[in-house]
Every structure is written in structure tokens, then in C-alpha cells.
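All remarks here apply to the structure that follows.
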Amino acid sequence: MSDDFQMGAIAATRAMRAVFPATPLLKNEHLSERYGAEIYLKREDLSPVRSYKLRGAFNAMRKLIPEHQLFVCASAGNHAQGVAFMCSHFGVRGVIFMPVTTPQQKIQKTKMFGGANIEVRLVGDYFDQTLKSAQAFCADEGAYFLSPFDDDNVIEGQASVAVEIEDQLGGVPDHIILPVGGGGLSAGTRAFFGDRCTYTYVEPTGAPSLGRALEEGAPIDVSPINSFVDGAAVAKIGVRTFEKLKDAKRSDVVHLTEDRICVSIIEMLNVEGIVLEPAGALSIEALGEVAEQIKGKTVVCVTSGGNFDFERLPEVKERAQRYSGLKKYFILRMPQRPGALKEFLNILGPDDDICRFEYLKKSARNFGSVLIGIETLNPDTFPRFLAQLDDAGFTYTDITNDETLAQFVI
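Okay, structure coming up:
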């Protein structure tokens, strides 16, 4: 741990108090009991913009003003909102480039936070196009491009999360679990805590930028990526962030599938009333990967954001059920004879429910292809159900985990 970095992070944290209060560090009894540890949640989802991103934006701007009065960023989410919020606070101009495909909810929230101080420009269908336009604008206008993570001032600002944790906990936790996208939060936290605690870094399977960088010894582009966990879906970890993370153990990096992350989103919403975006749930779902390692210890999970669009809730629930084995999809060859459908329905148990039934091909004389979705309360019922299908002579194909086929028919 660098003394200069630590002092800079503490100074940044103190300066932030004039803008927003420290986010809560709350013990979660539900998770603590499950894992036999003292589990605390660092609630970055409760910041003024519902993510930690305003920390880095604040620290960079406070150091760069008055030399710079025009700030530019490219973002489709939390970074855009953090920059917009701080442009309004400091009274400087901001131009925020967002992809044309950005949901209106995120565009409107960015405009709300920035008010008259910012301009939103929708450019490009993909983020790479948006980023190139933002950087070209900076070159033409002499503006400062504010990176969401690969900027020393931003990294120092994100380290304020660690400063607050130590202050609120009265010491350093035994273990901290950090979501990783571009690496700003994890680099800042590791640089501040150093070797005083152990770490778990969590990435979505569809964007393993830190894991691959550690394997290769340098940042590497892992495109194409899965953008479902949008707050952590980064194709290439930052050069500056990786410099602070390059000594991390590859075994400390955990990858979670996008469907699995949805389980924690639903659980935290239903059990705790906590609204988390996919990236915000990463650290909680990762507890299951280190359950033996953390028993009896003090553990902090950073819930990095809560900007969740509730229009996504049906998809998140669907993914969680599929991962948990509570919902499966089949293509069933249904005999075209009287009583065949009734025979099939009699196989269903009292806790089984048909959530999808659609003929895919009705022209066959002897058999018809049916897309059928079955939802149950207990995943252990599916082996019985499938055995009875076999005994009855039904022919079927389980397409639940066939991503290519599922995107066309489900």
C-alpha cells in the first residue's frame, strides 16, 4: 500500500462529505447466518446516483477544475449519471455520449442529474462507436475525457469506498468481495487496503477481463462480451487499473454465469427488499464460491449499484428459475391422436405448472412439435417427470440450456 495513495484517498473521502454522505455499511443477518460469518454489505446502491461511480467523477473534477471546464464521457449507464451529477455540482459543462440503443430510463436519469450543465449525444449502435465519437469530440474541442475507470484520479476516488469501510467497521475486514468491470473499484480498494485483508474479485462469465489479463500478464480484449451484467461488462480491463491488480492471485478471481447472478437479484429483492442491478449482485452471489474460506470471518460485499430497470424483472426471474432448476423448456413430439394431450397432462405433478404451450408445427399428420415450458416448486420433481415421459413413449428434447435454440423459440 502506497502512503501517498492512502493519503490521497482519505483526502478525497473527506472532500466528498461536502457533497454526499458516506454510504451505509450494514450487517446482513440473513447472509451471516447462511454462511457462518459476519457478512456486511457496503451499500453503494444507496448513493445519490445509486452507484459508486460518482466518487471517481468527483475526485477527478475537483482536481482538474479550473484548468478544465468541459468534461466528456462515453457511457450507457452509471458512469454517465455520476459525471452528470458532478457537472451539475461543480457548475461545469459536460457532454455525455451514449449509444442510440441506450434505454430511455437511463437517458432521462442522466439528464435529470446533470440538468442544464450537460448535453447528451446519442451516437452509434454499439459502445465502441460511441467511444470513438466521444474521443474525437475531445480532440476537436480540447475537452477532458473522463474515463469510467482507467484514470488515476478516478481510481483514487473509488478508493473512498475502502476508506469508508475501514472507518465504519473500526478496522479492515478479514475478506472483501469486489465486482470487477474495468477495475476502478477493485484497483482502488486493493491499493488502499494492500495486504491487510484477503480478496475475491467477481466477474460475469461473459466478460472475464481481469481473469484473462492475469493469465496473459497484460490487459487483453475478451470481445465479444455478454452485456447482460452491464455494470461489469467490459471487454478490456484498464491499463492503470491492471497495474494495481497484476499481483492478484488468479485463484482469487471468480466467474459467475449471468443466469446465476439473477438468483441473488431475486433473493435480495424478495427477502431483503434490496434492489440491485446485475453488477451490484455479483459480490453477494460469489459468497457461495468462498463459503468455506470465510467461515467465522468478517466479510464485506460491495453492492456496487442499484440502477435496475424493472422492465427487466421478468427476464431476471426467468434466468434465475432456469439456473435454479425450477423451470425447463422442452420441444415435445405430441402424437396427433385423441387423448394424447390428456395423457401428457396426467404426468404433471401437483406442484408442476405449464407456463408455455405452443405448437411449432401443425402440418404433420402423425405428430406435432410442441414448445412446452414447465415450472415447478422443487427441482427434484423433474427427474420423475422425465422418467414418466419416457415410460409413456413421448419423445422430447430439453432446450433449457441451449442458448442458440432458446433465443429463437423461447
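Position one of the sequence shown corresponds to residue 0 (numbering that gives the first Met the number 0), numbered consecutively onward. Glycine included, C-beta positions come from ideal geometry on N, C-alpha and C.
Under 6 Å Cβ to Cβ from residue i, same chain only, skipping five residues before and after it: list those, please.
i	result
K326	Q320 and E374
K26	Y39
D3	none
L359	S368 and L370
G35	K294
E357	L370
Measure the C-alpha to C-alpha separation of residue i and residue j and round it to an integer number of angstroms.
i	j	result
T204	K235	14 Å
T396	I330	5 Å
G183	V153	7 Å
S87	S46	16 Å
G93	H78	12 Å
Y51	T380	42 Å
I293	G287	10 Å
D149	G187	11 Å
R332	D258	28 Å
V18	V408	49 Å
A135	A8	31 Å
F144	H67	10 Å
R33	E271	14 Å
I353	K110	43 Å
G210	V162	26 Å
V71	A133	7 Å
E402	E314	14 Å
E310	R189	35 Å
L69	R42	31 Å
L168	L24	8 Å
S1	N116	36 Å
A21	K243	24 Å
Could you round the C-beta distance between residue i and residue j to whole angstroms and report it? I think they count as a contact, below 8 Å.
i	j	result
Q128	V122	7 Å
F241	A278	The pair is not a contact, with the Cβ atoms about 19 Å apart (cut-off 8 Å).
I176	V301	7 Å
Q157	G55	5 Å
E155	N58	6 Å
V233	G180	4 Å
V289	E37	Not confirmed; about 14 Å, so no contact.
L275	D44	6 Å
G113	A83	3 Å
A201	L281	Strictly speaking, residue 201 in this sequence is Val, with Ala absent from that position. Confirmed, about 4 Å.
G304	R16	That pair is no contact at about 21 Å.
E342	A391	6 Å
F384	G338	Actually they are not in contact, since the Cβ atoms of F384 and G338 sit about 19 Å apart, beyond 8 Å.
Grouping DSSP H, G and I as helix and E and B as strand, with all else coil, what is residue i?
i	result
F309	helix
D149	coil
D397	strand
T188	helix
L322	Sequence inspection shows Tyr at residue 322; the Leu mentioned does not correspond to that position. Of the three classes helix, strand and coil, the one that applies to Y322 here is helix, per DSSP.
L275	coil
H67	coil
V94	strand
K294	coil
T100	coil
I409	coil
V289	coil
A75	coil
T256	coil
G304	strand
V119	strand
R332	strand
Among the residues of its own chain, which have a CB less than 8 Å from the CB of residue i, if the five just before and after it don't count?
i	result
I64	F89 and V91
L130	A73 and F96
P378	S323, G324 and L325
P218	S208, A212, K235, I236, G237, V238 and F241
H174	C196, T197, Y198, T199, V289, Q292, I293, K296, T297, V298 and V299
N365	P334 and Q335
P98	A75, L121, V122, G123, D124, Y125, F126, Q128 and T129
R355	Y328, L370, I371, G372 and I409
A247	R189, Y198, Y200, L209 and L213
Cβ of residue i less than 8 Å from any chain D Cβ?
i	result
A290	This model lacks chain D altogether, as it is built from one protein chain only.
Counting only the same chain and skipping the five closest in sequence on each side, list residues whose C-beta sits under 7 Å from that of residue i.
i	result
G76	K105, D229, G230 and N306
Q5	F191
Q387	I346
V262	E284, A319, Y322 and S323
A11	N58, E155, G156 and S159
V421	Residue 421 is absent from the model: the chain starts at 0 and stops at 409.
K316	I265
P102	D308
I224	G205, A206, A232 and A234
D350	T375, L376, N377 and T380
A14	R61
Write down every uninterrupted run of the alpha helix (DSSP H) in the stretch 16-59 whose length is 4 residues or greater and which is fully enclosed by it, in chain order. 28-34
What are the start and end residues of each continuous beta strand (DSSP E) run of 3 or more residues lying completely inside the stretch 338-399, in chain order? List check, beta strand (DSSP E) in window: 352-360, 366-374 and 394-397.
Whole runs of the beta strand (DSSP E) within the stretch 165-248, excluding any shorter than 3 residues: Within the stretch 165-248, complete beta strand (DSSP E) segments of at least 3 residues are found at 174-178 and 197-203, given in chain order.
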